[in-house]
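Following this note's numbering, the numbering of the sequence shown begins with 320 at its first residue and continues without gaps. C-beta: ideal position from N, C-alpha, C; glycine also. Let me begin by presenting the structure, written as structure tokens, before commenting on it.
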Amino acid sequence: MKAVRFHQYGEAGELRYETVPDPEPLGDEVLIRVRACGVNHIDVMLRSGELRLPGQQPLPHILGMEVAGEVIAAGPEVRQFRSGDRVLAAVVTCGRCRFCRAGWEQLCDDRRMLGTQLPGGYAEQVKISERGVLPIPPGLSFEAAAASRTSFATAWHLLITRGRLQAGEVVLINSASSGVGSAGVQIAKLAGATVIATTSTAEKAERLSQLGADIVVNYRLQDVAEIVRRATEGRGIDFVFDMVGGETLTRSLELLTKRGRLALCGAVSERRATVDLISLFFREIEIIGSTGSTLQEVERVLQLVNQGKLRPIIDRLLPLSQAAEAHRLMEQGKLFGKLVLVPDALLEQSPTSTGASSMRR
């Protein structure tokens with residue numbers, strides 16, 4: 320089969336489109352023909368060597384954790400899926416540790432993720448235990464499913480589960496034009512919150528307004544703090560959704576009202592931030608970590624997408640052979656929403672327009 324691998328850490332050019340052996344499903348594993356794979360910032364950090372995770376696959380390695388496709392074979396112990404099933408796959412958990420038993424499987428002691436601890440979806444085929452597989456709702460395209468699984472579920476876990484966002488609250492979403500950020504805008508509006516979104520260009524600002532953001536700030540041209548103060552009449556915001564880190568996180572903490580909350584699911588700019596601890600405890604500010612999502616949350620957001628209440632935003636589709644270009648676009652901040660890779664042969668058979676789309680079929 321064809322796959323994209325990197326043989327050493329470095330720039331996007333290290334990603335090579337090459338022929339590799341087909342995977343063979345064993346035990347409870349299903350073999351999936353990949354129809355679409357979302358590109359995640361984690362992929363970029365793993366390829367560059369900036370991020371190293373426990374149990375990471377040795378090089379050469381296939382990235383890609385956001386897989387949508389169809390089952391084409393199954394190991395002898397598979398019970399839930401059969402050939403032809405349309406499925407999503409990303410993460411396998413043990414089901415036995417204290418976190419899995421408590422329903423917090425995203426914190427599993429033996430969590431294995433496609434593209435990290437397992438060969439990933441930058442390939443024509445991928446295998447994974449059936450415990451890490453979910454059915455795609457009828458009517459939802461492979462591309463939309465791949466774009467929805469991680470973005471919406473991650474944003475839901477941060478805003479609703481961990482962040483306890485309530486109707487009537489004011490939320491600031493940093494980097495709102497990213498895949499997770501644009502998902503966060505929609506979920507926050509669905510929850511009845513007022514959304515202040517930040518982005519880097521006038522074009523992205525316009526698209527965020529169309530997506531439902533109440534106030535959009537171009538942080539390269541406008542003073543985020545001043546706009547927040549005016550919008551809240553000096554009271555401050557109730558909640559910050561952050562994945563940027565560094566100085567952005569530090570400045571966002573200063574914008575919170577008393578008993579405000581900041582939840583973060585990444586640190587794409589800087590992994591360290593300066594925090595005024597005196598201000599933190601006098602104002603009773605909460606800083607909340609949020610990682611991944613549960614399978615129940617994934618099922619919930621897929622249901623909302625299929626009902627048309629949430630809309631996956633796909634900036635563009637690219638053929639798998641152009642994975643290096645996909646990484647460059649992500650690093651340059653030129654995307655609005657998700658970028659999805661599709662195996663070359665499939666994209667040639669069924670071309671799809673680019674841009675913001677729910678992409679149903």
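- Annotation for A643: the continuous alpha helix (DSSP H) segment containing it runs 642–650.
- Collapsing the DSSP output to three states places S497 in a strand.
- A straight line joining the alpha-carbon of D663 with that of I606 spans about 43 angstroms.
- Assigned with DSSP and collapsed to three states, N537 falls in strand.
- Segment contact: the stretch 558–570 against the stretch 484–503, three or more CB-CB distances shorter than 8 angstroms; contact assigned.
- Annotated as distal: Q399 and V353, with beta-carbon spacing of 9 angstroms or more.
- A contact is defined here as three or more CB-CB pairs under 8 angstroms, and the stretch 546–557 meets this definition with respect to the stretch 573–585.
- Here DSSP, grouped into helix, strand and coil, assigns G503 to helix.
- Across the structure, V504 and R483 are spaced so that their CA atoms are roughly 15 angstroms apart.
- The residues V620, L621, V624, P631, in chain order, have a CB closer than 7 angstroms to that of S467 in the same chain once the five nearest residues on each side in sequence are set aside.
- Beyond the five residues adjoining it in sequence on each side, P454 comes within less than 7 angstroms, by CB distance, of D404, R405, V406 in the same chain, given in chain order.
- Here the alpha carbons of F655 and C584 stand approximately 18 angstroms from one another.
- Here the C-alpha atom of C427 lies approximately 10 angstroms from the C-alpha atom of A421.
- Taking C-alpha positions only, S519 is separated from C416 by approximately 42 angstroms.
- Listed as beta-bridge partners of V363 by DSSP are no residues whatsoever.
- Going by DSSP, L596 is part of the alpha helix (DSSP H) stretching over 596–601.
- G564 sits away from A582, with the two beta carbons spaced by 9 angstroms or more.
- The continuous beta strand (DSSP E) containing I351 extends over residues 348–357.
- Residue pairing of Y336 in beta bridges, as defined by DSSP: V323.
- V452 has A408 as its beta-bridge partners, per DSSP.
- A residue is called buried once 16 or more other Cβ atoms fall within 10 Å of its Cβ, and R591, having fewer, is exposed.
- Annotation for I546: the continuous alpha helix (DSSP H) segment containing it runs 543–550.
- The continuous stretches of beta strand (DSSP E) do not include T469, which lies in the alpha helix (DSSP H) extending over residues 461–475.
- Relative to L478, the option among V547, S448, I447, A510 whose CA is nearest is A510.
- Straight-line spacing of the CA atoms in K446 and T593 works out to 42 angstroms.
- Bounds of the alpha helix (DSSP H) holding F418 are 417–420.
- Secondary structure remark: continuous alpha helix (DSSP H) runs of at least 4 residues inside the stretch 561–620, in chain order: 565–573, 596–601.
- Per the coordinates, the alpha-carbon of L378 lies some 12 angstroms from the alpha-carbon of G329.
- Taking one beta carbon from each stretch, the stretch 595–611 and the stretch 322–338 have fewer than 3 pairs nearer than 8 angstroms; the two do not touch.
- Residue environment: I381 is assigned as buried (16 or more neighbouring CB atoms within 10 Å of its CB, all protein chains considered).
- The C-alpha of V499 lies about 7 angstroms from the C-alpha of T473.
- K628 counts as exposed, since fewer than 16 other beta carbons sit within 10 angstroms of its beta carbon.
- Using a Cβ distance threshold of 9 angstroms, Q444 and D341 count as a contacting pair.
- Taking a C-beta distance under 9 angstroms as the contact criterion, G357 and L666 do not qualify as a contact pair.
- Pairing A521 with S496 gives a Cβ-Cβ distance that is not under 9 angstroms.
- Annotation for K523: the continuous alpha helix (DSSP H) segment containing it runs 521–530.
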